[in-house]
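Chemist:
2 protein chains.
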Amino acid sequence: MKNVTRKSKVPAMDASGASEAVRQENVTRILDAAERLFKHYGYTKTNVADIARDLGMSPANIYRFFGSKADIHQALAQRMLDAGYQLAAETLSGPGNASDRLRKHILQQFQMTLETMISEQKVHEMVVIAIEQQWPVIDAHLRRLRTLVTEVVREGIAAGEFRDTDPEVAADCFMSATAALCHPQMVATCVSEFKICTPEQVVEFALRGLK
Amino acid sequence: MKNVTRKSKVPAMDASGASEAVRQENVTRILDAAERLFKHYGYTKTNVADIARDLGMSPANIYRFFGSKADIHQALAQRMLDAGYQLAAETLSGPGNASDRLRKHILQQFQMTLETMISEQKVHEMVVIAIEQQWPVIDAHLRRLRTLVTEVVREGIAAGEFRDTDPEVAADCFMSATAALCHPQMVATCVSEFKICTPEQVVEFALRGLK
DNA sequence: CGAATGACGAAATATGAAAAACGTCACCCG
DNA sequence: CGGGTGACGTTTTTCATATTTCGTCATTCG
């Protein structure tokens, strides 16, 4: 409901820079505390009073930086997704040909999802909430990732590595085909059930679709 | 917990056939009533007393045929999955080359999932329960389907239509790659979000992975 | 004057008793 | 004797209420 990135109005230009900086630092401190508490006690079991107490401030003060508890959750999700995006960007713009990079990217994504699910259930709880409620941050993240993948596909086509098709469509198809390895819900349900092929084989299969 | 297919002991061989037949008819009647009521009022809103009243029998009598309400649900799921399997079997053993049959099969599956989700929310509720609790019937159904797909892949390889690889692995990869179109949870979440490519394109992409 | 807070109404959630539903069993009936 | 049932103990769900938590605002503080 409320907007996540509410910017304070900037009445004067002279001190606004410093003011904005100190504000940003408070935001970061709150997110750090929230992340730690959420991971320890779980999202639903942690209330804003807990976060405020942990920081030695009043609950009301939290609301000067975040419109709601859900906003904190979303900002945290944004931060985590940003980290994932950063990693993906490095992998996808790293060394190797297009196939190598895409393969590494997907398997990395899979690995990350798997580990989060197994060892950090509290984080997984937050992920599930985010997906169920179809937050825009998730959608935006997927779009960002798709942009990266599209670029790699484009390079692969230019290098003669992939066949010549619409890079956007091809990238989207590739991501759909590997969704079983990247989507948390899929990973959660499909890992347990008996599968014949390995993640590596699925990636190879999807890569072949590009060629 | 309880077993779904509890068979009555067969003390004598002469009348056991008829006895078993009349028993089977009761099972079917119960399932028919349950299906109608579940679809109308929803699974959680319907109790066994409702089903019994609908059939003009006592609730206790239901338990002579099913170990629990969940067993009815599972048997119903089995019956629906059987119908889906039947359809898939016809499509996959129908006319056309391997690609045509696989394409038709996946798009058909997608269509079915989509319609169920949109127009029969009560059924979708039951599907979600079945998936969340990871019922063996679902797993068995997927295995059955995979067997069918494997056979088509094998034929495609024999006809020189697909490249020569392990049919089982290839079929499993193909199903993973098209999971975004067949898995109810995926369809539910991914349809709404803005996608660049169409279902048809995803299928073509996956088919290309076989070639 | 802006940063921060205690007090407060609204909304969500925990609690616990009452009701309903589940599932079992001794018993009845054709 | 097998098909069927009413009565009954146990578990789950419902629902009203008490408590917590959320989020706002007038007021205080530096």
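Which chain is which? The protein sequence lines are A and B, in order. Residue numbering for the first sequence follows numbering that gives the first Met the number 0, starting at 0 and increasing by one per position. Residue numbering for the second sequence follows numbering that gives the first Met the number 0, starting at 0 and increasing by one per position. All residues carry an ideal CB built from backbone N, CA and C; glycine is no exception. As the structure is a prediction and not an experimental result, all values here were calculated from the model.
Given a cut-off of 8 Å on the beta-carbon distance, is the pair B:Val151 and B:Leu91 in contact?
Modeler: It is a contact, given that the beta carbons lie within the stated cut-off.
Chemist: On a Cα-Cα basis, can you pick out the residue from B:Cys196, B:Ala179 and B:Ala157 that is closest to B:Lys210?
Modeler: Comparing Cα-Cα distances from B:Lys210 to each of B:Cys196, B:Ala179 and B:Ala157, the minimum goes to B:Ala157.
Chemist: How far does the alpha helix (DSSP H) with B:Ser175 in it extend, from its first residue to its last?
Modeler: B:Ser175 -> alpha helix (DSSP H) spans Pro166 to Ala176.
Chemist: Sorted by chain position, which residues of the same chain lie with C-beta nearer than 8 Å to A:Tyr42's C-beta, five sequence neighbours on each side aside?
Modeler: So the qualifying residues of the chain are His72, Lys121, Glu124, Met125 and Ile128.
Chemist: Listed from N- to C-terminal order along the chain, which residues in the region 181 to 193 of chain B have their beta-carbon within a distance smaller than 9 Å of any beta-carbon of chain A?
Modeler: Cβ contacts with chain A: His182, Gln184, Met185, Thr188, Cys189, Ser191, Glu192 and Phe193.
Chemist: For A:Val201, decide whether its Cβ has a neighbour in chain B, counting only Cβ atoms nearer than 8 Å.
Modeler: Chain B, which has a Cβ nearer than 8 Å to the Cβ of A:Val201, makes this yes.
Chemist: Under a three-way DSSP split, which group does B:Lys1 fall into?
Modeler: Because B:Lys1 sits at a pLDDT of 34, beneath the cut-off of 50, its placement in the model cannot be relied upon, and the point is left open.
Chemist: Let me see if you follow: with CB-CB separation under 8 Å, is B:Gln117 close to chain A or not?
Modeler: Note on identity: in this sequence residue 117 of chain B is Ile, with Gln being the wrong assignment. No - not a single Cβ of chain A is within 8 Å of the one on B:Ile117.
Chemist: Hey, how far is the Cα of B:Gly55 from the Cα of B:Val26?
Modeler: Each residue's alpha carbon lies about 14 Å from the other.
Chemist: Got a sec, what are the start and stop residues for the alpha helix (DSSP H) A:His123 sits in?
Modeler: Its alpha helix (DSSP H) spans residues Gln120 to Glu131.
Chemist: Could you tell me which chain A residues have their CB closer than 7 Å to the CB of B:Glu167, listed as they occur along the chain?
Modeler: Those are Ile195, listed as they occur along chain A.
Chemist: Per DSSP, what kind of secondary structure is A:Glu34 in: helix, strand or coil?
Modeler: Helix at A:Glu34.
Chemist: Apart from the five residues on each side of it in sequence, which residues of its chain come closer than 7 Å, Cβ to Cβ, to B:Thr45?
Modeler: Here the set comprises Leu36 and Phe37.
Chemist: Between A:Arg63, A:Ala176, A:His140 and A:Phe65, which has its C-alpha nearest B:Asp171's C-alpha?
Modeler: Measuring from the Cα of B:Asp171, the nearest candidate turns out to be A:Ala176.
Chemist: Please list the residues of the region 87 to 113 of chain B that have a C-beta atom closer than 9 Å to any C-beta atom in chain A, keeping them in chain order.
Modeler: Flagged: no residues at all.
Chemist: Take A:Phe173 as the anchor and find which of A:Gly93, A:Gly208, A:Val186 and A:Glu119 has the nearest alpha-carbon.
Modeler: Per the Cα distances, A:Gly208.
Chemist: List the residues of chain A that B:Gln120 touches, going by C-beta distances under 9 Å, in chain order.
Modeler: Residues of chain A passing the Cβ test: none, with the nearest at roughly 16 Å.
Chemist: For B:Ala139, which residues in chain A fall below 9 Å Cβ to Cβ?
Modeler: Here the premise fails: no neighbours, minimum Cβ distance about 10 Å.
Chemist: By how many angstroms is the C-alpha of B:Gly83 removed from the C-alpha of B:Ile137?
Modeler: Rounded to whole angstroms, B:Ile137 to B:Gly83 spans 12 Å at the Cα level.
Chemist: Using the rule of at least 16 other Cβ atoms within 10 Å of the residue's Cβ for burial, across every protein chain shown, is A:Val21 buried or exposed?
Modeler: Under this definition A:Val21 is an exposed residue.
Chemist: Which of the three DSSP states, helix, strand or coil, is assigned to A:Tyr84?
Modeler: Reduced to three states, the DSSP call for A:Tyr84 is helix.
Chemist: Below 7 Å CB to CB, which residues in the same chain sit around A:Arg5 once its five sequence neighbours on both sides are set aside?
Modeler: With a pLDDT of 36 at A:Arg5, under the threshold of 50, the modelled position of that residue is not reliable, and no figure is offered here.
Chemist: Does A:Arg143 have its Cβ less than 8 Å from a Cβ in chain B?
Modeler: No, its Cβ sits nowhere closer than 8 Å to a Cβ of chain B.
Chemist: How about B:Arg207: is its C-beta nearer than 8 Å to some C-beta of chain A?
Modeler: Taking Cβ atoms only, chain A reaches closer than 8 Å to B:Arg207, which makes this a yes.
Chemist: If we define contact as Cβ-Cβ less than 8 Å, is A:Ala176 a contact residue for chain B?
Modeler: So yes, A:Ala176 belongs to the interface.
Chemist: Decide if A:Gly159 is buried, meaning its Cβ has at least 16 other Cβ atoms within 10 Å, or exposed.
Modeler: That one is exposed.
Chemist: Using CA atoms only, rank isn't needed, just tell me which of A:Ala69, A:Leu75 and A:Lys194 is closest to A:Arg28.
Modeler: When only C-alpha atoms are compared, the closest one is A:Leu75.
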